[in-house]
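Some notes on the structure that comes next.
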Amino acid sequence: MAYKPLNDVMITGDQTYATMDDRIGALVLNQRIHKRNWWIMFTLGLMGAGMMATSISWLLYRGIGIWGNNVPVAWAFDIVNFVWWIGIGHAGTLISAILLLLRQQWRNSINRFAEAMTIFAVMCAGMYPLLHTGRPWVAIYWLFPFPNIMGVWPNFRSPLMWDVFAVSTYFSVSLLFWFIGLVPDFATLRDKAKNRYAKVALALPALGWRGSAKHWHRYEQAYLILAGISTPLVLSVHTIVSYDFASSIVPGWNVTVFPPYFVAGAVFAGFAMVMTFAIPIRKIYKLEDYITARHIDWMCKITLATGLIVFYGYILEIFYAWYSASPFEWDMTFNRRFTGPYAWAYWALIFCNGIAPQAFWIPWCRRNLTVVMLICQFVSIGMWLERFVIIPMSLTANFLPASNKMYYPTFWDFAMFGGTIGFFIFLMFLFVRFLPIINIFEMKDLLYKIQTWAKKHDSEREPVATGGDH
Amino acid sequence: MQNTTSTNEPIEPNTTAVEEMREQIQGKTGKAYWRSLEELSDTPKFQKWMDDEFPNRSSIMQINRRDLLKFMGASFALAGLAGCRGMFLPQDKVVPYVKAPEEMVPGKPLFYATSVMLAGYATGVLVEQHEGRPIKLEGNPEHPASLGALDAISQSEILNLYDPDRANIVINTSSPSTWDSFSKAIKPVLDAQKAKGGAGVRLLTGTVTSPSLLDAINRFLAIYPSAKWHVWEPVGRSNVAEGAKLALGKALDTVYNFKDAKVIVSLDSDFLSPTANPGSIRYAREFTGGRRVTGYKGEMNRLYAFESSPGLVGAMADHRWPCKAAEIFGVASAIAAALGVTGIDGSAKIPAESAEMLALVKDLQAAGSSALVIAGDHQPASVHALVHAINAKLGAVGRTLQYISPVDGGVEKASDLQSLVGDLNSGSVDVLCMIEVNPVFDAPTDWKFAEAMAKAKTKIRLGIHENETGLLVDWHLPLTHSLESWGDARAFDGTVSIVQPLIAPLNDGRSSLEFVSFLAGRLKSGYDLVREYWKIAGLGADYEKAWRTAVHDGILKGSASPPVATTVSLNPSSLVSPKVGSSLEFNFRPDPSIYDGRYANNGWLQELPNPLSKLTWDNVLMISPAKAKELGVVDDDLVEIRSKTGKVKAVVFIQPGHPTTTATISLGYGRTAGGVVATVTNENGKMEGGGFNAYLLRTSDAMYFTEGFEVAKLSGQFDLATTQGHQPLEGNKVSQFPGDHREIILDYTLEKWLAEGEAIHKELEESSEKYKKQNLYPEEIFEFKGAQWAMTIDMNTCVGCNACVTACQAENNIPVVGKSQVGRHREMHWIRIDRYYSGSEENPQVNWQPVMCVQCEKAPCEPVCPVAATVHSHEGLNQMTYNRCVGTRYCSNNCPYKVRRFNYLNYTDNQKQFDVRIDDTKTNVRIPLLKMLNNPDVTVRGRGIMEKCTYCVQRINDARIESKKQNREIKDGEVITACQQACPTQSIIFGNEADKTSQVARWRKDPRGYLLLEELQTRPRTSHLAKLRNPNPEIKTAEVTH
């Protein structure tokens, strides 16, 4: 396929293969590069991880009752956070798999980073379905279909059962995909490492990579196959998560538009989170040459596009509530979302997810990193609120008015949520320090393509733009 | 932890106490030795040594470091060993009976008849007993006050029996003692009194209906002729007796016959509530019996209610007028005057309009002898007198009511508490014996009982808990529970029941009969005393046979008091009219759950939602919405109520339908002693419950209602725990747009139903068909040709009394979760009674809707459970497999009826009550007391498990086993669910729907029947029957919206 590598915007500065190896490899090999900022973030993450460990211990000791869940609101922060985290993971898979298959080379500088986020987000997410059960010690194996003497199988009709398979598949495929992509880079770093211990440590995961043509051939095949497997997962995981709600009879949950709208929401939240991490890190570690303003611009555009899909979903929800002529649905929409005790959450959601991202129509907003960061935060909050509006709010009032009850979270609800955020930061900053956060060899490949293209079309070459918009 | 035996090496006490004991044992052999040890163990010194963890040290601080470490080391090592019990430590032996008790089959319950008392009046019960362990109280069908049903409070007596906080040893001025010491100490005191005829002896009891106890008291008074007997009931019936004296010349009890009543006027009487009337269960049965409608035919009685505080009667009433309690006299006068009772001035201002009163009186006159006017026990004597005159004028005496000589034995013989206070203050009381009363807590404040009591030289209290009064006495003696002792009692109509023990006393207690007899010098067991009494009183020709029959039946047949012929002679000038002021009237009422405070240590009752307010664990200042607006307060606001004698902090609760001119305060809360549950407090920001002490406001001149208190708003709010929040009015018809026919409650007027019932039913059928057509699945889901269980609840006769809730709790081992958990909406009751209002905020109509798992044929909970823990049985039950449940709670989310309950915490074990254990020093066995209460047929659920109503599947299985043994089908009516059994009004019918002749099949086909949320096509097996009302067409106020 003939395409025009945007050399002036995907990689800036005077780059050679060696500078790339050095600049990216240095984050791992030159540990002195990590200064106070790293330690602040790491400590913050560690504290959060500690809080998470504390709340998990207390949860296992005391029971789900430490949270604010009740009857009728049997699912609240636990499932809200689960869906939120798993959604965040989706950007990584989309970037690494779908953009790879679509040969979007601009993904090369952000895919490693986004994939790591996927893994860590799925780790955070995966804890919730297990820990939210009343008896995790039996849930951990009764949810799996193992042949047993009682002849009892899990209930395959239950969306929660599908969840188990969806999330576990997603995690294992993502992990594998990430690791395979890392192998050539481990080898590069192994070769460049001077410290003996670092050499050994990097040699082990490098799996004896020598960069032979055979290796590359196999690598490409494996990577492509995994991309093929991952692609449907991008769509299926969140679709199945949405079935947890869509297949129930709860007003506010029972909406057929949920699968596409959840997937779009996941990508929306995921890109916001990628930018939330990418923007400060590229600044701290001076990676602006690899993650350029153009990258941010593209990501903003995807955020805007998916945001519009999500917003359309909100409008459809209202439409269906009215069109269904079901008094329960309309009651939910009108009395529990537009008005009622939690209306603030609904309108905040509409602002965060519907209104705020519209700023990305304006090129200036996509270029101004402060604005981008701000809108990304709105999106993250908005997507969390979306799940809050759907999950506990719908449960506070449904069929019999006598069972309408309010839901109030407790300290431990926030502790667990804050704890997983901390845990995520903790893992991200370990990743920044000990693994190459940008795919070195893919960047070199990109550089090669840019340079060969440039040679071929030297005469046609456009004047160098400084990351402006095209 | 308690030190157990001296074989425990490190704790070998080389102290004088043990030396002394050894000395005593020395030189004795064989039987003497053992007897001596027993004697020894009864000495206060030994008891003290036994109770002390570190004997002869005043505190743990006196143990030196090395010893402490040694103890710790030993404890840790032994703690480790405890885990290995069964591997190499001797195991507790479980052996079968060598000689089985008669009739006992292990695993099969036995039922014994006995009675429980509420404020002295007996209700007959059948006690379910498993292997000698009573676990549940059910109504005795032969008993006139029960008819097979049982109210919530009486059912909770079983929890009182196992209450770990019960007084379990004799306490002498706050140190442990024994009965022997007591008897030795009291003998000289009594002997000294005997010399002066017992002039310094006072006996204080609650209401006594027991013939044998009355006899014992008489014997006591015969020995001590100058001694006096006083009776104190905080919510007594003295006004009733006074009223009867005014109108009838002597104190007589009124027994009503609602069966024949066609028009009933309640003057602030909550005759459907057990806290307001001792015959409530029977009255509820008869009253609702007169309102049953089958098909399109039927008659209903008509109930008019004047209410100063919203209660069950007002909720059932066809016409209701909220008013001040003081205005009732005016209402009674108006009715009396209109009916032509001579000399009555009926011109007082009353809450009803004159046209309404005219219609009411016309209705009464038309009903004639089938009319009935009933006044609340708390109403002043003058109202009762007027009501007697009204009923006489209507000719109702002998038909809808009759007079009997008073059941309360104290009415004629005993003095009141006020005279006792006088005697105490004059210093003439030497010995004060109290039985199960708590006047320090509940006597009117102006009598200052605690101060007066301090003047008695010897104060003795026999009581089931060491309560506020118990803490101030010299001798506190443990009282046995009625399920542990022999006795007798009489019901509201005078019927005598023999009370038999179901279990050996758990504590070292004596019954009140034994105690009074002991004071009179007769040291005999309760059994002998009761038998002797009845031998003399006469039971029949063959005494032994008659006795056995009476004990077996639980009642003495034909012992109801005969009607007393009497004539009403009312002197109108003797009627004192209560003053009606212009300010807010405060009503003191017994709490619907914990009564006057005596049930405060009962977790079941504390957590039982009050019928209308659905409030648990607290009492409140209950006011109307309009009054709240006027006072500038909202729900949960803290206020201070100031009276002349005191002030208390209270929480505002706004109750729709509450009279605007009155406020209600429940008595019995704010306990400071008497058990862990009774004394939960709201301090330190912890939401525990416990309420405030309304007795601090109550004075002897205004026992039930008064004006002139001030209400001052304080800053801050206080969280109350309710099981159902405020809904908008018309909450049952939440129409959002035209065409929205969402109806959760169906209600019609009788007139409309009789006229248009068939058309209404046809319309319902059509919509039902429409829903069925939307269904993708075939009509017959269950191919199984066997029993198909179903239930029907008649909302028309449900009075909202909560009996079913407690019955379910007792039957199904449902834990108490505590106020903070109820506040988080995690109450565990499997059955709830939803309350819906319709109409205006000032005087709404109330509908009760009991909802438990409706056992959907296509249950939304089932497909969503990932581990198949909730599945369907072939008999149509939606079953929970507790073992399999992992607690995802998805089933609860998907349940449209929200009847599933989740164990968010370890509710079964985490209650404070379970931590307290009694220590049987004789065998060193520690008994986790409340675990004895559990029904062995029902799994006790642990943390993290979902649970719900099972249609009492254990009872179904029991019946199935019986039927299989006899090679037959299960008969209709053989399986009775716990809720059905307890229901006083028989509003719940359960049975096999597949058997078209069964009662449930007939009820389900009743045209009033409908399925809750039928539009969801969950196909519930529980159906509800529509509510009917019978308003007087001449009165427009209470128009039903349909």
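These protein sequence lines map, in sequence, to chains W and V.
The working numbering applies: residue 349 is where the first sequence begins, and numbers increase by one.
The working numbering applies: residue 115 is where the second sequence begins, and numbers increase by one.
Positions of the beta carbon are idealized from the N, C-alpha and C atoms, including for glycine.
- Per DSSP, K741 of chain V is one residue of the alpha helix (DSSP H) stretching across 739 to 745.
- In this structure, the straight-line span from the alpha carbon of G363 of chain V to that of S1077 of chain V is close to 58 Å.
- In the assembly as shown, A309 of chain V is an exposed residue. Its beta-carbon has fewer than 16 other beta-carbons within 10 Å.
- For P706 of chain V and A398 of chain V, the gap between their C-alpha atoms comes out near 16 Å.
- In the DSSP annotation of this structure, the continuous segment of the alpha helix (DSSP H) that includes M395 of chain W starts and ends at 384 to 410.
- DSSP, reduced to helix, strand and coil, places G509 of chain V outside both helices and strands of the structure shown, so it counts as coil.
- Counting only unbroken stretches of 4 or more residues, the alpha helix (DSSP H) elements lying wholly within the region 365 to 452 of chain V are 394 to 403, 426 to 430, in sequence order.
- Contact check for H586 of chain W against V622 of chain W fails: the beta carbons are separated by 8 Å or more.
- Secondary structure note for Q516 of chain V: its beta strand (DSSP E) is the uninterrupted segment 515 to 518.
- G655 of chain W is positioned such that its CB atom lies closer than 8 Å to that of F616 of chain W.
- CA-to-CA, the gap between S457 of chain W and Y609 of chain W works out to about 28 Å.
- Note that the region 381 to 397 of chain V touches the region 410 to 428 of chain V; at least 3 beta-carbon pairs, one per stretch, sit closer than 8 Å.
- Neighbours of K540 of chain W in chain V, taken as residues whose beta carbon is under 8 Å from its own, are absent, since the nearest beta carbon is some 49 Å off.
- Annotation for F430 of chain W: A473, Y476, P477 place their beta carbon closer than 7 Å to its own, counting only its chain and skipping 5 residues before and after.
- Beta-bridge partners assigned by DSSP to Q959 of chain V: V:S952.
- Three or more Cβ pairs closer than 8 Å define a contact, and the region 662 to 677 of chain W falls short of that threshold against the region 628 to 643 of chain W.
- Residues of the same chain with a CB within less than 8 Å of the CB of S529 of chain V, apart from the 5 flanking positions on each side, are K342, W343, H344, V345 in chain order.
- For chain V, the residues of the region 745 to 758 of chain W that bring a beta carbon within less than 9 Å of one of its beta carbons are N746, F747, L748, P749, A750, S751, N752, K753, M754, Y755, Y756, T758, in chain order.
- For I666 of chain W, the enclosing alpha helix (DSSP H) starts and ends at 641 to 671.
- Look at P507 of chain W here: in three-state DSSP terms it is helix.
- At a C-beta separation below 7 Å, Q838 of chain V has these neighbours in chain W: A750.
- Only residues of its own chain outside the window of five on either side were considered, and among them S447, A451 have a CB closer than 7 Å to the CB of D459 of chain V, listed in chain order.
- Secondary structure at G523 of chain V: coil, using DSSP grouped into helix, strand and coil.
- Cβ neighbours of Q493 of chain V within its own chain (closer than 6 Å, five residues either side excluded): D382, I442.
- At a C-beta separation below 8 Å, G1001 of chain V has these neighbours in chain W: I412, T481, G482, R483, A487.
- Here the C-alpha atom of T730 of chain V lies approximately 12 Å from the C-alpha atom of H943 of chain V.
- A direct Cα-Cα distance of roughly 35 Å separates I588 of chain W from T837 of chain V.
- Straight-line measurement puts the Cα of A361 of chain V at about 35 Å from the Cα of L627 of chain V.
- In this structure, A429 of chain V and T776 of chain V do not form a Cβ contact; the two beta carbons are roughly 17 Å apart against a cut-off of 8 Å.
- In the three-state reduction of the DSSP assignment, M498 of chain W falls in the coil class.
- Partner residues in the beta bridge of K573 of chain V, as assigned by DSSP, are V:L546.
- Of the residues assessed, W526 of chain W falls on the buried side of the cut-off, its CB having 16 or more other CB atoms within 10 angstroms.
- The shortest C-alpha to C-alpha distance from H875 of chain V to any of V:K1119, V:P980, V:I650 is the one to V:K1119.
- A Cβ-Cβ distance of about 5 Å is found for the pair S270 of chain V and W718 of chain V, placing them in contact under the 8 Å criterion.
- Shown in chain order are the members of the region 396 to 423 of chain W whose Cβ falls below 9 Å from a Cβ of chain V: R410, G411, I412, G413, I414, W415, G416, N417, N418, V419, P420, V421, A422, W423.
- Within the region 586 to 598 of chain W, those residues whose Cβ lies closer than 8 Å to any Cβ of chain V are, in chain order, D592, S595, S596, I597, V598.
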